[in-house]
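Residue numbers (the numbering used here): 165 to 372.
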Ligand code: NI
C-alpha cells in the first residue's frame, strides 16, 4: 500500500470516529432534553389543569374554550419547527383517532397550541396540520395569550436565542392532555405513547 493510500485510510477512519462522537453527543443531548422536558411538567392533583383561553385558529378566527364545550379535548402544546417530540405526538394522536370508531373519534377535538407564536402564525399552523388528522384545530395568538393558555395547562416552554441562521428549537413540555366535556382535566399521556395505547385509553374514557 502506498503511503498516500495509507494516509487516506487514516483520514477516513479518524473522520468516521469523529462523526460517531458527534452523533453520540447529539443522541445524548436529545435524551437529556427529554428527561428535562418530562421533568418540567408537574401533573397531579387533577382539578387545576386547564382553564380559559382566547386564541386564534388557522382561519384567524378568535376561539375560546367555550367553543369546545361538551366535547372531549386532546390538547398538545408545541411548535411547527420542532424536530422531535411534536411530530411524534401529533402522529400518535392522528393514528389513535384513525383507529377509533368514527362515532367515538367525533367526540374528541384534538388541539395543537403553538408555543412559538413568533413563527407560527395561523397560516403556518394550518399548513403544518395538513400532515396530521383532519380534525385538528391549531391555535396561535399573541405572546401573552399563548403564555396564559400554557400557564393554565401548566405547560412550560422556553424560547432560546436564534442561531446565526435565525433558527431555534423551543424547549417545551410534551404532555398530551385529555380534557372532559366539562373542561376538566381527566388524564395525560407522554408524547411517546404508542398510538394503540392512546386509542385504547380514549376508547375506555370516551367510548359510548
Ligand atoms: Ni416539540
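Just so it is clear, CB atoms sit at the ideal spot from N, CA and C, and this is done for glycine as well.
By the neighbour-count criterion, in which a residue is buried when 16 or more other Cβ atoms sit within 10 angstroms of its Cβ, residue 291 is exposed.
Distance check between residue 343 and each of 261, 233, 322 places 233 closest, using alpha-carbon atoms only. Taking residue 331 as reference, the option from 225, 317, 367, 246 with the minimal CA-CA separation is 246. Rounded to whole angstroms, residue 300 and residue 354 show a C-alpha spacing of 19 Å. Listed as beta-bridge partners of residue 218 by DSSP are 228.
Residue 245 has no beta-bridge partner at all, per DSSP.
Proximity annotation: the ligand NI has residues 242, 246, 249, 250 in chain order, each selected because its CB is closer than 5 Å to a heavy atom of the ligand. In the DSSP assignment, no residue is bridged to residue 257. For the pair residue 356 and residue 253, the Cα-to-Cα distance works out to about 7 Å.
The three-state secondary structure of residue 369, taken from DSSP, is helix. For residue 213, no beta strand (DSSP E) encloses it, and the DSSP letter there is neither H nor E. Residue 351 has 342 as its beta-bridge partners, per DSSP. Burial is judged here by how many other beta carbons sit within 10 angstroms of a residue's own beta carbon; residue 306 has fewer than 16 and is exposed.
The beta carbons of residue 336 and residue 217 sit about 16 Å from each other, so the pair does not count as a contact at 8 Å. Ranking 239, 316, 260, 281 by CA distance to the CA of residue 323 puts 281 first. Residue range 272–278 is occupied by the beta strand (DSSP E) that includes residue 273. Non-local C-beta neighbours of residue 358 in its own chain, meaning closer than 8 Å and more than five positions away in sequence, comprise 256, ordered along the chain.
For residue 291, the uninterrupted alpha helix (DSSP H) run begins and ends at 286–293, by DSSP. A direct Cα-to-Cα measurement between residue 228 and residue 284 gives close to 18 Å.
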